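So the structure is just underneath, and the comments pick up after that.
Residue numbers (mature numbering (1 follows the signal peptide of the UniProt record, and there is no 0)): -24 to -1, 1 to 322.
Structure representation (C-alpha cells):
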C-alpha cells in the first residue's frame, strides 16, 4: 500500500519549485504539476482510524486527481478501501467539504479540510494545470484571467456529482465547497453560476477564502439555490491588490442574486456574510503563515458555515459573520505584493 505522503526529497523539491517558479522551470525544473505527480497515490489509514483515498480519474478529457478522507465504512465496496460497505451510488449519512486549492497547489498537499468533523468528510481536488492554476491549463499565472474556467468548473461538477458516488457514499443535499485564492476565483466566477443548482440548498454552502470574482458565465437555475445556499466571503486587510476590487464585486453580485429571489435585507444577511478583519496578508488570517491561516478556517468551519456564532480564535472580532448588506465595499489597509514568477499561494 503506497502512502500519499511526500518523501523528504520530493517535499523539498516541490516547495523549492514553487518558490523558484516559472523562471526555474525554463531552466529545466519540473513544473508544479510534475512535482505533485511524484507524490504517490493510494489508500492509507489515518491515525484516527479514518481512511484517505488518493486517486485520479479521466473526466471530459482531463485527468482529475482528488483525495477524500472519511470513515472506512462510508467508502463503496468497489473503491478498494478495506472495510468499505456502501453500494456504489448509494446515499450516505455524511456530507462533504470539497476544497479547491489556490494557484500553485499548496492546499492540495496540506489537505487542510481532511479531518472528518461536524458530519462532513473532506475532499480536495487538484487543478488539471501545468502550474496548478484553476481555470488556466497552460502558461504562467494570469491573475484574474481564467480562460479554462468553464471546462474546469464542469470537471469539478462531474467529479462530485458523477464520479465520487462510485468511491464514497455521501448525502448530495449536504455538500459544501471551499475555495482558496485561485480556487475561490473558479468557484465564484464559474462553478457557482453554472452548477450550484446541482448542489445548492439549505444544507449546502460555499466558503470563499482570499479570493472571489463576479460571475463570468450566465447564472443557471438560481431559483434552486440562490435563496437558500450559505455563502461566506473571507479576506484580510492586506489582500492582494488585484483581488481588492474583485472580491467586493463578487459580494455585490451574489447579494443581488439573492435579492432577485425575493429575499429582504435581513434574510440576505443571514445567508450571506463577509469579513476582512485579519490584519495579515493574502490568506494569512492568523497573522502567521498562509497554510496556518487556511487551516484556522478549516478547523472552525462549522463555526462559520454550519450555524455557529462566527467566532474564530485569533481574529480580532467577536464574529466574522457580518451581513453583506451595507458591507459590500470592503476597506483594505494595504496590499500583499506578489511576484509574477510566484503564484497567489507564495
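Every residue gets a Cβ at the ideal spot worked out from N, C-alpha and C, and that includes glycine. Computed from a prediction, not measured in an experiment: that's the story for all the values here.
In whole angstroms, what is the alpha-carbon distance linking residue 60 and residue 144? The residue labelled residue 60 in the question sits at position 84 within the chain shown. The residue labelled residue 144 in the question sits at position 168 within the chain shown. Answer to the nearest angstrom: the Cα atoms are 8 angstroms apart.
Rounding to the nearest angstrom, what Cα-Cα distance links residue 310 and residue 7 in this structure? For the purposes of this step, residue 310 is identified with residue 334 of the chain shown, where counting begins at 1. For the purposes of this step, residue 7 is identified with residue 31 of the chain shown, where counting begins at 1. The alpha-carbon atoms of residue 310 and residue 7 are separated by roughly 31 angstroms.
Where does residue 246 sit, in a helix, a strand or coil, going by DSSP? Position 270 of the chain shown, counted from the start, is the residue given in the question as residue 246. Of the three classes helix, strand and coil, the one that applies to residue 246 here is helix, per DSSP.
What separation, rounded to the nearest whole angstrom, lies between the Cα atoms of residue 14 and residue 85? Against the chain shown, residue 14 aligns to sequence position 38. Against the chain shown, residue 85 aligns to sequence position 109. Cα-Cα distance, rounded: 12 angstroms.
Give me the DSSP bridge partner(s) of residue 251. Taking the first residue of the chain shown as position 1, residue 251 is located at position 275. Per DSSP, 210.
To the nearest angstrom, report how far apart residue 25 and residue 217 are at their CA atoms. One-based indexing of the chain shown puts residue 25 at position 49. One-based indexing of the chain shown puts residue 217 at position 241. Whole-angstrom Cα-Cα distance: 43 angstroms.
In this structure, what does DSSP give as the bridge partners for residue 30? Numbered from 1 along the chain shown, position 54 holds the residue referred to as residue 30. Residue 30 pairs with 18, 43.
Comparing alpha-carbon positions, which option in 189, 155, 38, 97 lies nearest residue 304? Translated into the one-based positions of the chain shown, residue 304 becomes position 328. Among 189, 155, 38, 97, the Cα nearest to that of residue 304 is on 189.
Based on Cα-Cα distance, which residue from 312, 242, 261 lies nearest to residue 251? In the chain shown, the residue the question calls residue 251 occupies position 275. Of 312, 242, 261, the residue nearest in Cα terms is 261.
How far does the beta strand (DSSP E) with residue 175 in it reach, from first residue to last? Translated into the one-based positions of the chain shown, residue 175 becomes position 199. That residue, residue 175, is in no beta strand (DSSP E); it is neither H nor E in DSSP.
Rank 113, 20, 73 by C-alpha distance to the C-alpha of residue 326 and give the top, closest one. Given that the chain is displayed from residue -24 to residue 322, the structure contains no residue 326 and the question cannot be resolved.
Cβ-based neighbour list, residue 47, same chain, cut-off 6 angstroms, excluding 5 preceding and 5 following: The count along the chain shown starts at 1 and reaches residue 47 at position 71. If we look at residue 47 and ignore the five residues flanking it on each side, its Cβ neighbours are 26.
Check the C-beta distance from residue 158 over to residue 118 and give it rounded, since I have them as a contact under 8 angstroms. Along the chain shown, one-based indexing puts residue 158 at 182. Along the chain shown, one-based indexing puts residue 118 at 142. Actually they do not touch by this definition, with Cβ atoms about 10 angstroms apart.
Give me the residue from 279, 122, 115 with the minimum Cα distance to residue 166. For the purposes of this step, residue 166 is identified with residue 190 of the chain shown, where counting begins at 1. Out of 279, 122, 115, 122 has the C-alpha closest to the C-alpha of residue 166.
Report yes if the C-beta distance between residue 213 and residue 308 is below 8 angstroms; otherwise report no. Taking the chain shown and counting its residues from 1, the one referred to as residue 213 is at position 237. Taking the chain shown and counting its residues from 1, the one referred to as residue 308 is at position 332. Contact: yes.
Rounded distance between the beta-carbons of residue 92 and residue 42, thought under 8 angstroms: Taking the first residue of the chain shown as 1, we reach residue 42 at position 66. Taking the first residue of the chain shown as 1, we reach residue 92 at position 116. Wrong, their Cβ atoms sit about 16 angstroms apart, outside the cutoff.
Classify residue 236: buried if its beta carbon has 16 or more other beta carbons within 10 angstroms, exposed otherwise. Position 260 of the chain shown, counted from the first residue, corresponds to residue 236. It counts as exposed.
Span of the alpha helix (DSSP H) holding residue 281? Stepping through the chain shown from its first residue, residue 281 is reached at position 305. Run containing residue 281: 277 to 281, per the alpha helix (DSSP H) assignment.
Suppose only complete runs of 3+ residues qualify. What are the beta strand (DSSP E) ranges in the stretch 58 to 109, listed by chain order? 71 to 76, 96 to 101
Same chain only: Cβ atoms within 6 angstroms of residue 263, ignoring 5 sequence neighbours per side: Working through the chain shown from its first residue, we reach residue 263 at position 287. So the qualifying residues of the chain are 256.
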